[in-house]
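Participant: First residue of the sequence shown? That's 1 in this note's numbering, and the numbers climb one at a time after it. Glycine included, C-beta positions come from ideal geometry on N, C-alpha and C. Keep in mind it's a predicted model, so treat the numbers as computed, not measured.
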Amino acid sequence: MNPNRSLEDFLRNVINKFHRALTLRETLQVIVEEARIFLEVDRVKVYKFAADGSGEVLAEAVDRTSLPSLLGLHFPADDIPPHAREELGKQKKMIAVDVAHRRKKSHDLSGRVSSMGQGNGHYMAVDSCHIQYLLAMGVLSSLTVPVMQDQQLWGIMAVHHSKPRRFTEQEWETMALLSKEVSLAITQSQLSQQVHQQQVQEALVQRLERTVAQYGDRPETWQYALEIVGQAMEADGGVLYIAPDLTGSAAQHYQWNLNFDWGDWLEMALWQELMRGKPNPTSTLASVQSSWEKPKPFTGVKPLPPANCVPQVYTLSELEQRGDWVALEEPLKAQNFKSFLMVPLAADQQWVGGLILLRKEQSLVKHWAGKRIVDRRNMLPRLSFEAWEETQKLVPTWSSAERKLAQVASTQLYMAITQQFVTRLITQQTAYDPLTQLPNWIIFNRQLTLALLDALYEGKMVGVLVIAMDRFKRINESFGHKTGDGLLQEVADRLNQKLLPLAAYNPLLSRWHGDGFTILLTKISDNQEMIPLCERLLGTFQEPFFLQGQPIYLTASMGISTAPYDGETAESLLKFAEIALTRAKCQGKNTYQFYRPQDSAPMLDRLTLESDLRQALTNEEFVLYFQPQVALDTGKLVGVEALVRWQHPRLGQVAPDVFIPLAEELGLINHLGQWVLETACTTHQHFYRETGRRLRMAVNISARQFQDEKWLNSVLACLKRTAMPPEDLELEITESLMMEDIKGTVTLLHCLQEEGVQVAIDDFGTGYSSLSILKQLPIHRLKIDKSFVDDLLNEGADTAIIQYVIDLANGLNLEIVAEGIESEAQLQRLRKMGCHLGQGYFLTRPLPAEAMMTYLFYPQILDFGPTPPPPHPSPAETESDQCQGNMDVEDAPLPNSLNRENPWTEKLHDYVLLKERLQQRNVKEKLVLKIANKIRASLNINDILHSTVTEVRQFLNTDRVVLFKFNSQWSGRVQTESHNDFCQSIINQEIDDPCFKGHYLRLYREGRVRAISDIEMADLAECHRELLRHYQVKANLVVPVVFNENLWGLLIAHECKSPRYWQEDDLQLLMELATQVAIAIHQGELYEQLEASNIRLQQISSLDALTQVGNRYLFDSTLEREWQRLQRGSEPLALLLCDVDFFKGFNDNYGHPAGDRCLKEIANAMAKVAKRPTDLVARYGGEEFAVILSQTDLEGAIHVTKALQAGVANLAVPHSESDTGYVTLSIGIAVCVPDRHINPNALVKAADLALYEAKAKGRNQWRAYEGVQLPDVDGEA
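#1: Does V1232 come out as helix, strand or coil in the three-state DSSP assignment?
#2: Tell me where the alpha helix (DSSP H) around W265 begins and ends.
#3: Out of Q587, W325, T397, L274, point me to the one whose CA is closest to M342's CA.
#4: Three-state secondary structure (DSSP) at R377?
#5: Would you check if the distance between the CB atom of L637 and the CB atom of L695 is smaller than 8 Å?
#6: Please identify the residue among P661, L448, V44, Q188 whose C-alpha is closest to the C-alpha of Q149.
#7: With DSSP as the reference, identify every bridge partner of D762, one or two as the case may be.
#8: What does the alpha-carbon distance come out to for the pair T221 and A1035?
#9: Determine the DSSP secondary structure at G1293, reduced to helix, strand or coil.
#10: Pull up the distance between the alpha-carbon of S897 and that of E568, whole angstroms please.
#11: Apart from the five residues on each side of it in sequence, which residues of its chain come closer than 8 Å, Cβ to Cβ, to T397?
#12: Quick check on P1040: does DSSP put it in helix, strand or coil?
#13: Buried or exposed for D1272, going by 16 or more other Cβ atoms inside 10 Å?
#14: Apart from the five residues just before and just after W512, which ones in its own chain have a Cβ nearer than 6 Å to its Cβ?
#15: Buried or exposed for N700, please, with buried defined as at least 16 other CB atoms from any protein chain shown within 10 angstroms of its CB.
#16: Quick check on DSSP: helix, strand or coil for E1266?
#17: Once you ignore the five residues that flank V32 on each side, which residues in its own chain have a CB closer than 7 Å to its CB?
#18: Pick from P661, D63, L24: whose alpha carbon is nearest that of R36?
#19: Less than 8 Å between the beta carbons of E621 and Q593, yes or no?
#20: Run the CB neighbour count on H1152, radius 10 Å, all protein chains shown included, and call it buried at 16 or more, exposed below.
#21: With a 10 Å radius around its C-beta and 16 neighbouring C-beta atoms as the bar for buried, classify R1029 as buried or exposed.
#22: DSSP has P146 in a bridge; who is on the other side?
#23: To the nearest angstrom, report how far apart Q1032 and T144 are at their CA atoms.
#24: What does a CB cutoff of less than 8 Å around L666 pick up in its chain, not counting 5 residues either side in sequence?
#25: According to DSSP, simplified to helix, strand and coil, what is P628?
#26: Residue range of the alpha helix (DSSP H) that P344 falls in?
#27: Can you give me the start and stop residues for the alpha helix (DSSP H) that M530 sits inside?
#28: Could you give the C-beta distance for K104 and M124, rounded to a whole number, given that I count them as a contact under 8 Å?
#29: Enumerated in chain order, which unbroken segments of the alpha helix (DSSP H) with a length of 4 residues or greater are wholly contained in the segment 51-124?
#30: At what residues does the alpha helix (DSSP H) containing F659 begin and finish?
#31: Which stretch, first to last residue, makes up the alpha helix (DSSP H) that contains D515?
#32: Between the beta-carbon of F472 and the beta-carbon of G484, is there less than 8 Å?
#33: Does the beta-carbon distance from E641 to Q828 come in below 8 Å?
#34: Among residues of its own chain, excluding the 5 on either side of A570, which ones have a beta-carbon nearer than 6 Å to its beta-carbon?
#35: Going along the chain, which residues of its own chain have a beta-carbon closer than 7 Å to the beta-carbon of N527, five neighbours each way excluded?
#36: Please state if the CB of L1137 and the CB of V1200 are separated by a distance shorter than 8 Å.
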């Protein structure tokens, strides 16, 4: 059989059987069996090191007629001395020992062959003790190959033969490749163990949940739960202690597999301390993550369990040394209990009990490979490897996986016990708010804590909603607290009804304090899912509430926080929800807001706003909205008012009553006012060009503008610049502004009138103007302030003022505009009173320019019905209206059920907003695609990583972006980075931070993003804060790179100069981009592995191990391929067969090592001549070489032949038996045009005949085959 094809078959067999194996031992057994067959040796074994340095043979293939089996035997640590471990593990050397010649040589684990002088292939002496050791085993030849795992020496693969044997270079490389296969098998086994551990955890959780759900709060429940946990933990006994609680329930304890009663001892200080997780400071036992500080909750990250909630391990002997040890020793010893695992049942600083798991002393039977002769005067190797048995008494340990499982069990038990506690509280009515009969804060806190724990396992979000009535204080002041209490009861009833259809979210409504309520929602997927829920809850207030028979309209505001993004504890979530509630009230009430990290900072910090406001115009952050003004008698659109809005990039929409006074103080109001005027006029003309409709455009004018002597000219210049008809522009000035300088105002307004510009008095009725002054002013309209319209239905002083203003306007022949119409009742009342025009949310809310344009394309007439005659209210109606005078109707807009806003315009507004979102989404997707295409433009993994950090840093405009890759231990290294000159480079730095892994990994694997705006303000563990400070980080953004649920690493952005608020767009884009990056990285790594495998397999199966040119297998396949290719184009193919002259004599005179060196030099010289991509130089066998020359005729072949002979001659390798005194070549040439009727081997035979002729002519000659046809090779293989 061709040895190269044999190697190919061997590798194929190993891979196929490798993937069919189920366990690590089975996989290792496949590898050693195939390796022994391929190498034709007596034994191949895999040997694993233990923690103490000893080892065990896990797999073995052996010829028992030649060597004894060592499978399952243990070897002491000093069988492999430190210097040997250093050579194997640190230097990663493979070592072959020739016992007969008492020498050894080594190769790198990479399998690469270097020169014989130094390094690989260099023979060295072997220690005599090791020679005797191998002789005692019956071994005369050995090859030891290190097996590495995570850069550590895991074990060795050893080849033993009972006869002297030389390992070829090809066998060295093959064993190096098999070592990597073993490492892969170990990795797969570890992954399988992790999967199994996860399955055990899930099964335990399910069994506990079913038990509690089925049996409830009964002794049998806890007894069975204890048995379930004990069996899952493979414990020999256990105790479950449930502490007394606020309901008066006494302490309980349950035992499993104990022959004595532990009850009396559990109340003693020692066991209470141990069960609470407060170990003695002098204890030397290490606990899981006990050195980690408990980080405070922060956005998007699950907190680590506090140190006193982590399972702790103790031995009986350690407990006996304590000064407070109590006399429990005898019963424990009687049952041979030696090890204890103390598991606190606690979460969020709430302790409900403890779990104690016990294990008995264990007997471990080991079979050792022979007894060593121990003589202090003379340490001799053992003379026999006959197995002997040793029984060891061991104090059992608890592995990290078992302690993690105990943590899972403790969490489930804590949740079950707490839930039963809550149930008892509810049953006893001690947890109900006496007014609303809703659960109180005790129940809410407990249930929220349980929900947070449950969410960790389900990977879902938890939502906390805080609802507060808007201006509820006025209800109490107007109607009294008794009436207010009744209103709260009705609110609670309505909220409960709204929550009934939301059973899938396990809602819990509770009374918080005052007029506040809290709602807990679980199993939330994302914030978007909560939006319709929030709107549904706010819909509670659409219908009026009735107090003393009178309807009262209420509104409410809502703040929302979510776990794990906003916090991980009940306290932090409630705090952040209240902060979001405050923002909702600041934005006009009657709305909801989600918590944002920047909300915790002073949102409206004056210095920050001042700085941002100065840049807002330059950054185009201002936009105009347009609120239609409608004729109340016909419902037709007659004009619009331009309203400026500030879309702050970080704070969202800033209210005008915040930024406009600030702009006046800073002297920016003129610039802002001019921008509003220019934009309004430009938009007016755009509306006209697109729709053909002219309408009046009202623009507000500030006092600073009005008093500026250049203002009038700027208005006129704007009209000229935009070509807007002056009569379509209406300038609104306030009544108080008008009264500051009557004479100047009259003059200025006359100038505007002469130009055709119209003027309206805004907020009329709030100042002190007189009838005589109004008669002097060239004005066109009066605007009734919203504050009067708000109280219109009370029939009080405000109603009288409105009627007076309407009558006054009629008398002066002025139009009247009512602002802030927000109900049908207000609208009808104003019509009855004779008001001409109106604007407000009931008619149409302010619209963006695009929505306003669509409105103009399809004008809608609001049908208000015929105008009724002025009414004469009955005494009952008057009394009713007077009662309504105390209503709180200031919290606009009205509930949707009464807000009969034109549904067409409502849909139009929603459509435009949706379109804007889609446009933004489209821009973002294009950006993601652009960056992703750049990243995935190459399959080279280094190019992919570099492109990623470069493009992301450019997009975010941040200081540093890094890609951090995890290793199998979940620490890792910074693979690549992009940074500016301000930041230090951290590339290739290893990071092994406890805060950076552990419990955080669960969230990273779920694709959760972690954003920290300011590390000094964020709730971080101090150890993690110090790590970030070390890397100059002020703010960071962490996005996991996950592919097929496998966490590759993290994409991290660092802001090093100052804190930074990460915008939602930043997060969304990076989350989407991380998915593309993960795919690209996965493809790049697969490509890299494929390339490496192809190169290695090519080296092993296609290259000659000695000369590194093609081997016979590559020659055969290349000849066949080129024969088929060239026959299609009828092009010539040349073959040169080359033989080293008198080479046997060379080996005899100079030795085989010199012969090997000679062949390598000749092959190298030949490869330099035949160097076209289609040329091939191959070692044909022994000292023969073959050269394939595609598309080469006889003349070209002769030219190459002469160059080959000259190249070898130039080597001037001395050869005493050669006629020239140096090594020469004889060459046979054959050339033909391939034909499908001719066997390619005929070309080989022709070249061989020509070579025979050349050698017969005296060597150092060449001859070409001169036959008319190629020789017949029929019947040859």
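Facilitator: Well, looking at it:
#1: Mapped onto the sequence shown, residue 1232 falls at position 1232. The question names Val, but residue 1232 in the sequence shown is Cys. Note: C1232 maps to strand in three-state DSSP.
#2: Position 265 of the sequence shown, counted from the first residue, corresponds to residue 265. That run of the alpha helix (DSSP H) goes 263-266.
#3: Stepping through the sequence shown from its first residue, residue 342 is reached at position 342. Nearest C-alpha to M342 among Q587, W325, T397, L274: L274.
#4: Position 377 of the sequence shown, counted from the start, is the residue given in the question as residue 377. Residue confidence is low: R377 scores 42 on pLDDT, short of 50, so the model does not pin down where it sits. No coordinate-derived value is stated.
#5: In the sequence shown, counting from the first residue as 1, residue 637 sits at position 637. In the sequence shown, counting from the first residue as 1, residue 695 sits at position 695. For the pair L637 and L695, the CB atoms are nearer than the 8 Å cut-off.
#6: Here residue 149 refers to the residue found at position 149 of the sequence shown. It is Q188 whose Cα lies nearest to the Cα of Q149.
#7: Translated into the one-based positions of the sequence shown, residue 762 becomes position 762. According to the DSSP secondary-structure assignment, D762 is paired through a beta bridge with T734.
#8: Here the question's residue 221 lines up with position 221 in the sequence shown. Here the question's residue 1035 lines up with position 1035 in the sequence shown. Rounded to the nearest whole angstrom, the CA to CA distance from T221 to A1035 is 49 Å.
#9: Here the chain covers residues 1 to 1277 and nothing more, so residue 1293 does not appear.
#10: Counting from one through the sequence shown, the residue named residue 897 turns up at place 897. Counting from one through the sequence shown, the residue named residue 568 turns up at place 568. At S897, the pLDDT of 28 sits below 50, so the modelled position is not reliable and the matter cannot be decided from this model.
#11: Counting from 1 along the sequence shown, the entry for residue 397 is found at position 397. Excluding sequence neighbours, T397 sits near V313, S339.
#12: Along the sequence shown, one-based indexing puts residue 1040 at 1040. Of the three classes helix, strand and coil, the one that applies to P1040 here is strand, per DSSP.
#13: Looking up residue 1272 in the sequence shown gives position 1272. Flag for D1272 reads exposed.
#14: Taking the first residue of the sequence shown as position 1, residue 512 is located at position 512. For W512, where only same-chain residues beyond five positions count, the Cβ hits under 6 Å are T518.
#15: Looking up residue 700 in the sequence shown gives position 700. Classification of N700: buried, given that the 10 Å Cβ count is 16 or more.
#16: Translated into the one-based positions of the sequence shown, residue 1266 becomes position 1266. Of the three classes helix, strand and coil, the one that applies to E1266 here is coil, per DSSP.
#17: Position 32 of the sequence shown, counting from 1, holds the residue named residue 32. The residues are V44, K45, V46, A59, E60, A61.
#18: Numbered from its first residue, the sequence shown carries residue 36 at position 36. For R36, the nearest C-alpha among the options comes from D63.
#19: As a working note, residue 621 is residue 621 in the sequence shown. As a working note, residue 593 is residue 593 in the sequence shown. Taking C-beta atoms as the reference points, E621 and Q593 fail to come closer than 8 Å.
#20: Taking the sequence shown and counting its residues from 1, the one referred to as residue 1152 is at position 1152. So H1152 counts as exposed.
#21: For the purposes of this step, residue 1029 is identified with residue 1029 of the sequence shown, where counting begins at 1. Exposed.
#22: The count along the sequence shown starts at 1 and reaches residue 146 at position 146. Checking the DSSP bridge columns, you'll see P146 partnered with I156.
#23: As a working mapping, residue 1032 is identified with position 1032 in the sequence shown. As a working mapping, residue 144 is identified with position 144 in the sequence shown. About 47 Å.
#24: Looking up residue 666 in the sequence shown gives position 666. E610, L613, R614, listed in sequence order.
#25: In the sequence shown, the residue the question calls residue 628 occupies position 628. Residue state, collapsed to three classes: strand.
#26: Along the sequence shown, read from residue 1 onward, the residue named residue 344 stands at position 344. Per DSSP, P344 belongs to no alpha helix (DSSP H); it is in the beta strand (DSSP E), 337-347.
#27: Residue mapping note: residue 530 aligns to position 530 of the sequence shown, counting from 1. For M530, the uninterrupted alpha helix (DSSP H) run begins and ends at 527-538, by DSSP.
#28: Here residue 104 is taken as the residue at index 104 of the sequence shown, counted from 1. Here residue 124 is taken as the residue at index 124 of the sequence shown, counted from 1. Yes, they are in contact, since the Cβ atoms of K104 and M124 sit about 6 Å apart, within 8 Å.
#29: Along the segment 51-124, the alpha helix (DSSP H) occurs as fully enclosed runs of 4 or more residues at 82-85, listed in sequence order.
#30: The residue you call residue 659 lines up with position 659 of the sequence shown. DSSP places F659 in the uninterrupted alpha helix (DSSP H) bounded by 656-665.
#31: Mapped onto the sequence shown, residue 515 falls at position 515. The continuous stretches of alpha helix (DSSP H) do not include D515, and DSSP gives it neither H nor E.
#32: Position 472 of the sequence shown holds residue 472. Position 484 of the sequence shown holds residue 484. Less than 8 Å separates the beta-carbon of F472 from that of G484.
#33: Numbered from 1 along the sequence shown, position 641 holds the residue referred to as residue 641. Numbered from 1 along the sequence shown, position 828 holds the residue referred to as residue 828. Not a contact, by the Cβ cut-off of 8 Å.
#34: The sequence position of residue 570 within the sequence shown is 570, counting from 1. Cβ within range, chain order: N445, L448, T449.
#35: Along the sequence shown, one-based indexing puts residue 527 at 527. If we look at N527 and ignore the five residues flanking it on each side, its Cβ neighbours are T562, F594.
#36: On the sequence shown, residue 1200 is found 1200 positions in, with the first residue counted as 1. On the sequence shown, residue 1137 is found 1137 positions in, with the first residue counted as 1. Against a cut-off of 8 Å, the Cβ pair of L1137 and V1200 comes out as no contact.
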